Amino acid sequence: MRLLAALVLALVATPAAADPVRLPILVPVTGFLSLEGTSQRNGALLALKQAPAGLAMGEVVDTATAPENAVNALLRVLDQGPVPAIVAPMLGTQMLALMPTALEEKLPLLTVSGTASLTEQGNPWVFRFFPSDKLAKEAHVRYAVEQMGKRKLALIYQTTAYGQSGAAYIAAAAKRHGASLVFSEGIDTDVKDLAPILGRAAASGADVLLLHLHAGSTALAIRQVAALGIALPVVAGSALHQPATAALLDPKELKGVCAESGASPVSGGSPRLDRFLADYRAAFGTDPDAYALAQYDGTQMLLDILARGARTGEQVQAALATGQWDGVAMHYASDGHGDMAHSAVILCYDGLTRVPKIVQQYDGLDAG
Amino acid sequence: MPAELTTLAQLLLNGLALGAAYALVALGFVLILNATGAINFAQGDMVMLGGYAAVALARVLPISGLVLLPLVMLAMAGFGLLFSLLAWRPFRHRPPIFGLLATVALGLTLQEAMNAVEGAAPQAGPTLLGTGEIRFGPLGLSRASLGILIAGLVLGLAQAWLLGRTQFGRRLRASAQDSVTARALGIPVDRLIAASFMLAAALAGAVGLLLSGPYFVTPTTGNDLILRAYIAVTIGGWGSLKGAVVGALLIALFESVVAGYASSVVATAALYGAVLLLLVVRPAGLFPALLGRRA
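Okay, here's the thing in structure tokens:
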């Protein structure tokens, strides 16, 4: 009887150890970044769904678009007890707002934000599973210069923080690769008629047109390039790789257009990627983009660390900083600053379908 | 035609097409302004809703935008009635600021609702006259832009006829000018105001469809349009239908031409600079209306 009582006591006393770990997923599922934020959320949720039963439990919190929303969401999550890590928003301004709290609370933030400066702040609690804008724009320019043999670049970028930051990296990369930026101009997100700017870009003497625009403007630019018969080849930014963006265009309008991205899940290419694609479609009824895949990979690495017994922020941080992960999209390992992703791809459309083919993969982009 | 002249003519043609769409938004804005004395800040969001209505209808009825246009306008007219019941009727005996705030609240609610239902990704709707380009000698115009231009002209003229040549229009104008006297004369002012909302929403629906094909639709599409409508009405003369059309066309032509020769950023800054200047030298706008003093 005493043995039975001891056994019951032991069972009652240890449920905490068996409780799933809380994993907050703070992402912008409303507001202007909700498309990408939803992808990020879905990637994390799919990884959780495939984790060993009882290991971790996701808690999705919408951060919308304001930095203070993200901070409030984090504080609310922490009020409910300790957590070992956070799936953190992809919006750079929200990440910058969260980083002081992460430092104070010793809490790893796993993000897919492209804002390069996040990992340049000396904050050891930030881990990025997506190539930073700096690396992505290096691939963007390198493809135009090395593979396409172009030397005179025209650039149309968005006048948002995202657009201006990317434009600066493109200008720097062009200089590094001996190409000249013969045309560079920003447009607001509300500009509908791009004919004037496209006309000036075509008349600038450029031999390739680079786009660094949000999804809507990217689709508009490509549609109007096709409609105006502008002969410049186009290499777009990562917005084009999103299936929702390509869906806006006729395959004929996409013919010959290329784009940079961290990955292109819909292009398939490996059994693991095909399985991810099938699982994602089954779970969410839609096609994944690179953000979904990157967050899936990042969350899987985190879950593996948790499965090996890590329970505190410090344990998770140490494992992320020193470990490696063979993800579906790429191989991940920290460069010492929290940048885990070091690869990017170039994808191109053949004019027959909206599913692009990967034509170039760049690994070790930050090695040089 | 010299190349410089061709470039200018092309820019003007492009601007004219976009201006036709802006003009329809501004007309809807002025209709409600005249009927209620309140600013409808949700007019742009009604355009957005019309765009999504076009996208949704095109999913189930894969037919020409030309056929879908009256369906979308009809559906949006119904929404306009609902809108008037929510945003105007409860506040009709209160100062106009109540109505204004109600339209802001409803507009934001529409945006978030569409974000929740359809997501933030841009979506493409049907086009009125198909895709591709039509050449007029050295000038080119996309079929979508031509559709906007023609539809803008037809709907604009239809509205001018409705307001200027029919009993409905005369009663509506009488109500707008002096609702107390109009009521005393037995004019059903409240019903006419509800009809104004329906008409404005139908126009917004038309613009939503017209823009959703070539320029896509997102939940925040209306934000830019309402700003332009507001500026168009300010330029044209507060409450003037003719002024709204002229103001909208001026904005689009200004944007197109300045962006063509400088940049879109310069065009935007110059536009607002020009509006400021106009407010100083001609505060009542180009076509001052009686309502200007009242509002």
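Order-wise, the sequence lines are chains A and B.
Numbering of the first sequence is given in my numbering, commencing with residue 671 and proceeding in unit increments.
Numbering of the second sequence is given in my numbering, commencing with residue 50 and proceeding in unit increments.
The beta-carbon is built from N, C-alpha and C at its ideal position, and this holds for glycine as well.
If you're wondering where the values come from, they're calculated on a predicted model, not measured in any experiment.
Distance between residue j and residue i (C-alpha atoms, nearest Å)
i	j	result
B:Arg-219	B:Gln-208	12 Å
B:Ala-75	A:Met-760	37 Å
B:Pro-171	A:Val-699	15 Å
A:Ile-1028	B:Ala-251	45 Å
A:Pro-752	A:Leu-716	23 Å
A:Gly-701	B:Ala-193	29 Å
A:Glu-923	A:Met-1010	35 Å
B:Val-330	B:Val-324	10 Å
A:Ala-680	A:Glu-729	In this prediction, A:Ala-680 scores a pLDDT of 42, lower than 50, which makes its location untrustworthy; no coordinate-derived value is stated.
B:Ala-84	A:Glu-738	40 Å
A:Glu-790	B:Ala-105	45 Å
B:Ala-223	B:Ala-244	14 Å
B:Leu-211	B:Leu-258	22 Å
A:Gln-764	A:Glu-706	14 Å
A:Leu-902	A:Val-878	5 Å
B:Ala-293	B:Ala-69	11 Å
B:Leu-188	A:Val-747	60 Å
B:Leu-80	A:Leu-703	34 Å
A:Leu-718	B:Tyr-101	34 Å
B:Leu-335	B:Gly-288	11 Å
B:Ala-66	B:Leu-299	12 Å
Identity of the residues DSSP links to residue i by a beta bridge
i	result
B:Ile-81	Paired residue(s): none; B:Ile-81 is not in a bridge.
A:Tyr-827	A:Gly-856 and A:His-882
A:Asp-1009	A:Arg-798
A:Ala-726	A:Val-691
B:Arg-184	B:Gly-189
A:Ala-1003	A:Gln-994
A:Phe-732	Residue identity differs from the one stated: residue 732 of chain A is Asp in this sequence, not Phe. The partner list for A:Asp-732 (beta bridge, DSSP) reads A:Val-697.
A:Lys-1027	A:Cys-1018
A:His-1032	His is not the amino acid found at residue 1032 of chain A; the sequence shown has Tyr there. Per DSSP, A:Ala-1014.
B:Gln-160	In the DSSP output, where bridge partners are listed per residue, B:Gln-160 has none listed.
Per-residue burial, residue i [other beta carbons within 10 Å of its own, 16 or more giving buried]
i	result
A:Ile-975	buried
B:Tyr-12	Not covered by the structure: residue 12 of chain B. The range shown for chain B is 50 to 344.
A:Leu-805	buried
A:Lys-807	buried
A:Ile-892	buried
A:Asp-1020	exposed
B:Val-229	exposed
A:Thr-781	buried
A:Glu-855	buried
B:Ala-233	exposed
A:Met-727	exposed
B:Glu-304	buried
A:Thr-1023	exposed
A:Phe-799	buried
B:Thr-56	buried
A:Pro-685	Only weak support is given to the placement of A:Pro-685: the predicted model assigns it a pLDDT of 40, under 50, and the value that follows is read from those uncertain coordinates. Exposed, since its Cβ has fewer than 16 Cβ neighbours within 10 Å.
A:Ile-840	buried
B:Phe-166	As written in the sequence, residue 166 of chain B is Val, which differs from the Phe given in the question. Burial call: exposed.
B:Ala-185	Here the sequence assigns Phe to residue 185 of chain B, which means Ala is not the residue at that position. Exposed.
B:Phe-217	exposed
B:Glu-53	exposed
A:Gln-912	buried
B:Gly-181	exposed
A:Ile-1039	Outside the shown range of chain A (671 to 1038) lies residue 1039 of chain A, about which nothing can therefore be said.
A:Tyr-1002	buried
A:Asp-959	buried
Check: residue i C-beta below 6 Å from any heavy atom of the ligand NAP
i	result
B:Thr-269	As presented, the structure is devoid of all ligands, the ligand NAP included, so that no description of it is given.
Residues within the stretch 86 to 100 of chain B neighbouring chain A, beta-carbon criterion of under 9 Å: Going along the stretch 86 to 100 of chain B in chain order, one finds no residue with a Cβ nearer than 9 Å to chain A.
Contact set between the stretch 686 to 714 of chain A and chain B, restricted to residues whose Cβ is under 8 Å from the partner: Taken in chain order, the members of the stretch 686 to 714 of chain A whose beta-carbon sits within less than 8 Å of a beta-carbon on chain B are Thr-700, Gly-701, Phe-702, Leu-703, Ser-704, Leu-705 and Thr-708.
Ranges of the beta strand (DSSP E) found wholly within the stretch 906 to 960 of chain A, counting only runs of at least 3: Scanning the stretch 906 to 960 of chain A for uninterrupted beta strand (DSSP E) segments of 3 residues or longer gives 928 to 931, listed from N- to C-terminal end.
Residues of the stretch 154 to 181 of chain B with Cβ closer than 9 Å to any Cβ of chain A, in chain order: Those would be Glu-161, Asn-164, Ala-165, Gly-168, Ala-169, Ala-170, Pro-171, Gln-172, Ala-173, Thr-180 and Gly-181, in chain order.
4-residue-minimum alpha helix (DSSP H) runs that sit fully inside the stretch 862 to 893 of chain A, ordered along the chain: Runs of the alpha helix (DSSP H) inside the stretch 862 to 893 of chain A: 865 to 873.
Proximal residues, the stretch 263 to 296 of chain B versus chain A, C-beta separation under 7 Å: Identification of residues in the stretch 263 to 296 of chain B having a C-beta nearer than 7 Å to some C-beta of chain A yields Tyr-264, Phe-265, Thr-267, Thr-269 and Asp-273, given in sequence order.
Where the stretch 853 to 882 of chain A meets chain B: residues whose CB sits under 9 Å from a CB there: Those residues of the stretch 853 to 882 of chain A that come within reach of chain B (Cβ to Cβ, closer than 9 Å) are Glu-855, Gly-856, Ile-857, Asp-858, Thr-859, Asp-860, Val-861, Lys-862, Asp-863, Leu-864, Ala-865, Pro-866, Ile-867, Gly-869 and Arg-870.
Residues, ordered as in the chain, of the stretch 752 to 767 of chain A that lie near chain B by beta-carbon distance below 9 Å: Within the stretch 752 to 767 of chain A, no residue qualifies.
Chain B contacts made by the stretch 802 to 831 of chain A, where a contact means CB separation under 8 Å: Within the stretch 802 to 831 of chain A, the qualifying residues are Thr-829.
Contact list for the stretch 52 to 75 of chain B against chain A, Cβ threshold 8 Å: Residues passing the 8 Å Cβ filter: Thr-56, Gln-59, Leu-60, Asn-63, Gly-64 and Leu-67.
Near-chain A residues of the stretch 312 to 329 of chain B - C-beta to any C-beta below 8 Å: Cβ contacts with chain A come from Ser-312, Ser-313, Val-314 and Thr-317.
Against chain A: residues of the stretch 219 to 230 of chain B by CB proximity under 9 Å: From the stretch 219 to 230 of chain B, no residue has a Cβ closer than 9 Å to chain A.
Secondary structure, alpha helix (DSSP H): runs of 4+ residues fully inside the stretch 966 to 998 of chain A: Runs of alpha helix (DSSP H) with 4 or more residues, each lying fully within the stretch 966 to 998 of chain A, are found at 983 to 992, listed in chain order.
Chain A contacts made by the stretch 296 to 310 of chain B, where a contact means CB separation under 7 Å: Going along the stretch 296 to 310 of chain B in chain order, one finds Ser-305, Ala-308 and Gly-309 with a Cβ nearer than 7 Å to chain A.
Segments of 4+ residues assigned as alpha helix (DSSP H) that fall wholly inside the stretch 768 to 819 of chain A: DSSP runs (the alpha helix (DSSP H)) wholly in the stretch 768 to 819 of chain A: 803 to 812.
Under 7 Å (Cβ pairs) to chain A, residues found in the stretch 187 to 216 of chain B: Residues passing the 7 Å Cβ filter: Ser-191.
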